[in-house]
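Asker:
Residue numbers (my numbering): 38 to 340.
1) Going along the chain, which unbroken runs of the alpha helix (DSSP H) with 4 or more residues stay wholly within the segment 61-127?
2) Report yes if the C-beta distance between residue 333 and residue 322 is below 8 Å; otherwise report no.
3) Out of 297, 174 and 278, which has the shortest C-alpha to C-alpha gap to residue 312?
4) On the premise that residue 47 lies in contact with residue 88, defined as a C-beta separation below 8 Å, what is that separation, rounded to the nearest angstrom?
5) Per DSSP, which one or two residues make a beta bridge with residue 164?
6) Roughly how many angstroms lie between the CA atoms of residue 81 and residue 227, to the nearest whole one?
7) May I have the straight-line CA-CA distance separating residue 245 from residue 234, to the nearest angstrom?
8) Under 8 Å between the Cβ atoms of residue 90 and residue 79?
9) State the Cα-Cα distance for the pair residue 55 and residue 63, rounded to the nearest angstrom.
10) In terms of DSSP beta bridges, what is residue 288 paired with?
11) Does the beta-carbon of residue 209 have 16 or more other beta-carbons within 10 angstroms, so that it is buried, or is it exposed?
12) Would you kindly work out how many angstroms separate the C-alpha atoms of residue 39 and residue 83, rounded to a whole number?
13) Please work out which residues of its chain come closer than 7 Å, Cβ to Cβ, to residue 93, disregarding the five sequence neighbours upstream and downstream, and give them in chain order.
14) For residue 308, which three-state DSSP category applies?
15) Would you tell me roughly how many angstroms separate the C-alpha atoms of residue 305 and residue 168, rounded to the nearest one?
16) Would you kindly check if the distance between the Cβ of residue 69 and the Cβ of residue 97 is under 8 Å?
17) Check residue 132 in the structure and name its three-state DSSP category.
18) Only counting the same chain, and skipping five residues up and downstream in sequence, which positions put a Cβ closer than 6 Å to that of residue 345?
19) What do you reckon, are the CB atoms on residue 252 and residue 231 nearer than 8 Å?
20) For residue 164, count neighbouring Cβ atoms within 10 angstroms of its own Cβ and tell me buried if that reaches 16, exposed if not.
21) My assumption, with CB atoms under 8 Å, is that residue 315 sits in contact with residue 285. Please give the rounded CB distance.
22) Taking only three categories from DSSP, how would you classify residue 329?
23) CA-CA distance, residue 288 and residue 310?
24) Can you tell me which of 261, 258 and 193 puts its alpha carbon nearest to the alpha carbon of residue 352?
25) Please name the residue or residues paired with residue 338 in a DSSP beta bridge.
26) Buried or exposed for residue 129, please, with buried defined as at least 16 other CB atoms from any protein chain shown within 10 angstroms of its CB.
27) Could you please give me the residues that DSSP links to residue 41 through a beta bridge?
28) Which class does residue 214 belong to by DSSP, given the choice of helix, strand or coil?
29) Within 10 angstroms of its Cβ, does residue 49 collect 16 or more other Cβ (buried), or is it exposed?
30) Counting C-beta neighbours from all protein chains within 10 Å, is the total for residue 85 16 or more, i.e. buried, or is it exposed?
31) Please return the same chain residues whose Cβ sits closer than 6 Å to the Cβ of residue 65, not counting the five positions on each side in sequence.
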């Protein structure tokens, strides 16, 4: 296993750090912090030292940019096929997960029904965050920004196969809508994503509920790397706040209800309270998803 430690980075790559810092108008320390956010924090043993991904780090120095270089070193086809084969809730992995040390050792790759956590660990998407020796229990999570974005984009490309055009899954288009205040276009993109889902079990409510939540999770979590996004979800609903320099969006998503009820909940819960003196334009968006139609069927906007 190879990687670059923090000491090796600051001791051997000072000219490269200074170049990318100058290009990005960052201080030396600020550049290191950004490099850590994108490419650091791999830990392969509980007693080891965190390391940077050497390939991505060197590619960043070469291109003078913080980008996602993960897929240049491998294709996650097997992983995504495995995820697609079973009932997996993507939201489980947005936070760190606990997993027994012995469970990682006993993992069998040919078991399609096995837990997804070991596969994510052995393919490099999850790394060790901490270890409880008394319980022989790992805390695992995404090591950095690059890996989390790679995983989420891989899921989007695997599950939602709309053409990558104006109505396909491309987070850049969602971001454009967020920055322009175009709610109608934004909802259209959600509808396009839901329309691409192949429902093998039309009568299985839990699969419909999963996809209702997963689409919302993917869009707002990916966009949350570029705008401020808070996502809260539970059975049959999800609420989200998205903030950029021009707009504050308050979303309430309902399942098998109606858009007005969603808007009423935004008002009743006073989601807008902390933004009343903010100065940015406030948009409240109530959305209803129909399990029968398997798509968004109604939405309303209020200022």
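Just so it is clear, CB atoms sit at the ideal spot from N, CA and C, and this is done for glycine as well. As the structure is a computational prediction, the values presented were derived from the model and not from experiment.
Answerer: Let's see:
1) 65-76, 91-100 and 114-121
2) no
3) 278
4) In fact, because the Cβ distance is near 13 Å, the residues do not count as touching under 8 Å.
5) 178
6) 38 Å
7) 10 Å
8) yes
9) 9 Å
10) 277 and 322
11) exposed
12) 16 Å
13) 76, 106, 107 and 183
14) coil
15) 43 Å
16) no
17) coil
18) Coverage of the chain is limited to positions 38 through 340, which leaves residue 345 absent and any answer about it impossible.
19) yes
20) buried
21) 6 Å
22) coil
23) 14 Å
24) Examination of residue 352 is not possible in this model, given that the chain is present from 38 through 340 alone.
25) 322
26) exposed
27) 89
28) helix
29) exposed
30) exposed
31) 58
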